[in-house]
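Let me begin by presenting the structure, written as structure tokens, before commenting on it.
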Amino acid sequence: MARSTRLIRLTAATTILATGLLAAACGSSDDSGASGASGGSGGDRPRVGLVQINQQAIFFNEMNAGAQQAAKEANVDLTVFNANDDPAKQNEAIDNFVQQQFDAVIVVAIDVEGIKPAVKIAKDAGLKVVAVDAIVDSPAVDTQVGVDNAAAAQQAGDFVNKWAQAQGLTAPKIGVVGALNSFIQNIRKDDFNKTVEGAGAKIVQTVDGQNKQEAAMSAAENLLTSRSDMNIVYATGEPALLGTVAAVKSQNAGDRVKVFGWDLTKEAISGIDAGFVAGVVQQDPKTEGYEAVKEAQALVGGAQPKKKIDVPVTIVTKDNVDSYRATFK
12 MARSTRLIRL
22 TAATTILATG
32 LLAAACGSSD
42 DSGASGASGG
52 SGGDRPRVGL
62 VQINQQAIFF
72 NEMNAGAQQA
82 AKEANVDLTV
92 FNANDDPAKQ
102 NEAIDNFVQQ
112 QFDAVIVVAI
122 DVEGIKPAVK
132 IAKDAGLKVV
142 AVDAIVDSPA
152 VDTQVGVDNA
162 AAAQQAGDFV
172 NKWAQAQGLT
182 APKIGVVGAL
192 NSFIQNIRKD
202 DFNKTVEGAG
212 AKIVQTVDGQ
222 NKQEAAMSAA
232 ENLLTSRSDM
242 NIVYATGEPA
252 LLGTVAAVKS
262 QNAGDRVKVF
272 GWDLTKEAIS
282 GIDAGFVAGV
292 VQQDPKTEGY
302 EAVKEAQALV
312 GGAQPKKKID
322 VPVTIVTKDN
332 VDSYRATFK
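Just so you know, the numbering used here puts the end of the sequence shown at 340, numbered straight through with nothing missing.
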């Protein structure tokens, strides 16, 4: 009861994504916490909860914006919960949505294994379950929305291989700034490594940025200092790329290494303009959020699950970066 009351108060107290803690978007939210019937009866709007990782990263804010847009179009009552990088809070949020008799839950999992008991409880309670971005391999998940990270990592590796060939580098030496606590980023690391090693590159060292910008900057600085023979640095996510860009600047290493990575930011675009960031794998989180809400609404309405909705990536370079500048001012 206490957990339910906390979420009720938060849901009633917030109406926009400005707080960075919890947002109730796309329509009002009754402060009783259990108002109306489920979306499938009485003509009431479907109630969908989105369990988010954080609202510091641009990636997740873009996802929320797409979810809000879809909720408005589909007449869905959407509540966004910010877990602030805490897996336990994600589990608690799902439990709250179950207790409040929501119709569906969308989860962007921090811990893809640890979230499974909570999504099973949601499924058993009759909620539709959609996973976004992080792959939750569970029969309780109706549909998975997001990037095929293995395929996209191979695409990034192929891009690096072609770049190296154009530069006359037959055996480039590559350092990796990863997030070894992230299931997804380990996929991005492993499949990238296989692709570039298959073309003759050597992974000289991997450092752990812990999915935090400050830790990634420190790790990248150590990598740049210890491996003066590197040609390339590959960063597996937004914090890793932010830290790597900052490290290259602080070490004045832009003339000796090229950076490839994931997820655009203002800083990454600055690196592209400066010439040391050569390519960034850009996901489409806004479309991911949009598709997740549309799928949740369809499932509540009785549609068969699509099971998997792939959202393609784009590799951003100096040739196509201009179309992204407005988003990352």
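Using N, Cα and C, we set each Cβ at its ideal position, and we do this for glycine too.
Here the structure is a predicted model, which is why all the values come from computation and not from measurement.
The stretch 270-284 and the stretch 250-261 touch, with three or more beta-carbon pairs separated by less than 8 Å. Spatial neighbours of leucine 138 in its own chain (CB-CB distance under 8 Å, excluding positions within 5 residues in sequence) are listed in chain order as Phe108, Val109, Phe113, Asp114, Ala115, Val116.
DSSP places glutamine 294 in no beta strand (DSSP E); its state is neither H nor E. If you compare the alpha carbons of Asp284, Asn75, Pro323, Val304 with that of aspartate 333, the shortest gap goes to Asp284. In this structure glycine 211 is not in contact with alanine 167, their Cβ atoms being roughly 17 Å apart against a cut-off of 8 Å.
Between the C-alpha atoms of glycine 125 and glycine 179 there is a straight-line separation of about 46 Å. A buried status is given to arginine 58, since no fewer than 16 other beta-carbon atoms sit within 10 Å of its beta-carbon. In the structure shown, isoleucine 121 falls within a coil segment according to DSSP collapsed to helix, strand and coil. Between valine 118 and alanine 81, the C-beta spacing is not below 8 Å.
Taking proline 316 as reference, the option from Asn102, Thr154, Ile64 with the minimal CA-CA separation is Thr154. Residues of the same chain with a CB within less than 6 Å of the CB of lysine 134, apart from the 5 flanking positions on each side, are Val140, Ala151 in chain order. If you ignore the 5 residues before and after alanine 120, its C-beta comes within less than 6 Å of the C-beta of Ile126, Ala145, Val147, all in its own chain and listed in chain order. Around the beta carbon of threonine 90, a 10 Å sphere encloses 16 or more other beta carbons of the protein chains shown; the residue is thus reported as buried. A straight line joining the alpha-carbon of glutamine 294 with that of valine 324 spans about 5 Å.
Excluding residues up to 5 positions away in sequence, Gly77, Val322 lie with their Cβ nearer than 8 Å to the Cβ of threonine 298 in the same chain.
DSSP places leucine 235 in the helix class (H, G or I) of the three-state scheme.
Rounded to the nearest angstrom, the Cβ distance from tyrosine 245 to glycine 272 is 6 Å, consistent with a contact under 8 Å.
Annotation: the continuous alpha helix (DSSP H) that includes arginine 199 extends over 194-209.
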